[in-house]
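For the record, the sequence lines run as chains L and U.
So in the working numbering, the last one in the first sequence is 144, and the numbering has no gaps at all.
So in the working numbering, the last one in the second sequence is 288, and the numbering has no gaps at all.
Every residue, glycine too, gets a C-beta built ideally from N, C-alpha and C.
Just so it is clear, the structure is predicted and the values come from calculations on it, not from any experiment.
Here is the structure we will look at.
Number of protein chains: 2
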Amino acid sequence: MAENNSWANQPFSYLLRVISIKMKNKADKSLAEFGLNSQQGHTLGYINSNEGIIQKELADFFKKRDASITSMLQGLEKKGFIERRIPKDNEREKKVYLLPKGKELIEDFDKKFQEIEEDITKCLTDDEIQTLLRLLTKINSNLE
Amino acid sequence: MAENNSWANQPFSYLLRVISIKMKNKADKSLAEFGLNSQQGHTLGYINSNEGIIQKELADFFKKRDASITSMLQGLEKKGFIERRIPKDNEREKKVYLLPKGKELIEDFDKKFQEIEEDITKCLTDDEIQTLLRLLTKINSNLE
DNA sequence: TTCTAACAGTTAGAATTCTAAATGTCAACA
DNA sequence: TGTTGACATTTAGAATTCTAACTGTTAGAA
């Protein structure tokens, strides 16, 4: 690997990006047996905990464009993992629900995602874990 | 926003991912005036500091697939920012060089990336910055 | 009641990234 | 010298994500 690198000027940008990619790669590989990727897995998990959530809220939570969420949900619906229903009280919205086929994946997903979370924490002391959580939470709150 | 969320079980996965996306969005917006995105900008910056680096090393550094780097570099070459040369001593490789059109962007890019870096650090004390850097470096080293 | 601005989701098409396979080259070994 | 496995890059096509514009709906003001 090249010796002299410009990331030294922006270490956080680099480290956050690369750690994020590494985690995504691990999660993608973990879910490949289900024919799903990490974003889809995270989305199913989130819907499981938030039955009837509207698409807009998914986009907000994951910081993804509306169109990307639409496209992903279309795929998940097509594969039979979710259904989207227009509520009686607001025809603009679609509320998203897990179908049985989606529900049966959740336990496995949680286990796999937990393993990956531990890939982060296992090299840290309890104190370090608490500190990192505090710092990342602060940064996230501060960023728009 | 939904109250009950499953990210509480995997806070690091969520926070790292979302912070990373937010930074990417800021950087993309920052570079839009040049008709480039953040990955392209980071790549040009890295090539600037590592004249003659081969594609494989770029892929390793950015944790991207070889094919993605090829595709991106093809675009950058087409737009006149870089050139790729096959060295005399190894015909498998292509060494990458900035062209003048690419070089003249570097200063602006550095400034913009520095601003985004400061978006991370400005809410932290010096001590917290050092701690975060230490922790993220440790985690990155520990992840494959 | 009508209008306006904002909202939620979608579409079409482009851009980006990936997968899987392929091609040509190199290094090391027999 | 010949062979083999590894290397670096590319290609074709699929998947994912985005941009920009659009459609239909709602909430609130006039």
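Taking each of Cys267/U, Leu242/U, Leu287/U, Gly219/U in turn and checking the Cα distance to serine 193/U, the smallest one comes out for Leu242/U.
Taking a C-beta cut-off of 9 Å against chain L, the contacting residues of the stretch 160-181 of chain U are Leu160, Arg161, Val162, Ile163, Ser164, Ile165, Lys166, Met167, Lys168, Asn169, Lys170, Ala171, listed in chain order.
The C-beta of asparagine 90/L comes no closer than 8 Å to any C-beta of chain U. Distance between threonine 269/U and leucine 124/L, taken at the CA atoms: about 21 Å. In terms of beta-carbon proximity, lysine 138/L lines the interface with chain U, with at least one pair separated by less than 8 Å.
For leucine 98/L, no CB of chain U lies under 8 Å from its own CB, so it is not counted at the interface with that chain.
Assignment of leucine 160/U by DSSP, reduced to helix, strand and coil, places it in the helix class. Rounded to the nearest whole angstrom, the CA to CA distance from glutamate 107/L to glutamine 154/U is 14 Å. The residue among Gly185/U, Thr214/U, Leu280/U with its C-alpha nearest the C-alpha of lysine 245/U is Gly185/U.
Here glycine 224/U is exposed: its Cβ has fewer than 16 other Cβ atoms, across all protein chains shown, within 10 Å. The alpha-carbon of isoleucine 116/L is positioned some 11 Å away from that of aspartate 28/L. In the three-state reduction of the DSSP assignment, glutamate 83/L falls in the strand class. DSSP places leucine 124/L in the coil class of the three-state scheme, outside both helix and strand.
At a cut-off of 8 Å between beta carbons, leucine 124/L contacts chain U.
Around the CB of threonine 281/U, fewer than 16 other CB atoms lie within 10 Å, so the residue is classed as exposed. Assigned with DSSP and collapsed to three states, leucine 98/L falls in strand. As the crow flies, the alpha-carbon of phenylalanine 257/U is around 38 Å from that of glutamate 33/L.
Cβ proximity to chain U below 8 Å picks out Glu57, Asp60, Phe61, Phe62, Lys63, Lys64 from the stretch 56-68 of chain L. Contacts between glutamate 261/U and chain L, judged by CB atoms closer than 9 Å, involve Asn9, Gln10, Pro11, Phe12, Ser13 in chain order. With contacts defined as CB atoms closer than 8 Å, serine 20/L and arginine 278/U fail to qualify as a contacting pair.
For asparagine 192/U, the uninterrupted alpha helix (DSSP H) segment begins and ends at 182-193. Residues Leu188, Ile191, Leu217, Leu220, Val240, Tyr241, Leu242, Leu243, Gly246 of the same chain have their beta carbon placed closer than 8 Å to that of isoleucine 226/U, with the five preceding and five following residues left out of the count. Listed along chain L, the residues sitting closer than 8 Å to threonine 275/U by beta-carbon distance are Thr131, Leu135. Restricting attention to Met23/L, Ile53/L, Phe12/L, the CA atom closest to the CA of threonine 121/L is found in Met23/L. Comparing alpha-carbon positions, the option among Glu104/L, Lys64/L, Asp110/L, Ile54/L lying closest to isoleucine 86/L turns out to be Ile54/L. For leucine 105/L and aspartate 254/U, the gap between their C-alpha atoms comes out near 44 Å.
By the neighbour-count definition (other C-beta atoms within 10 Å, threshold 16), lysine 222/U is an exposed residue.
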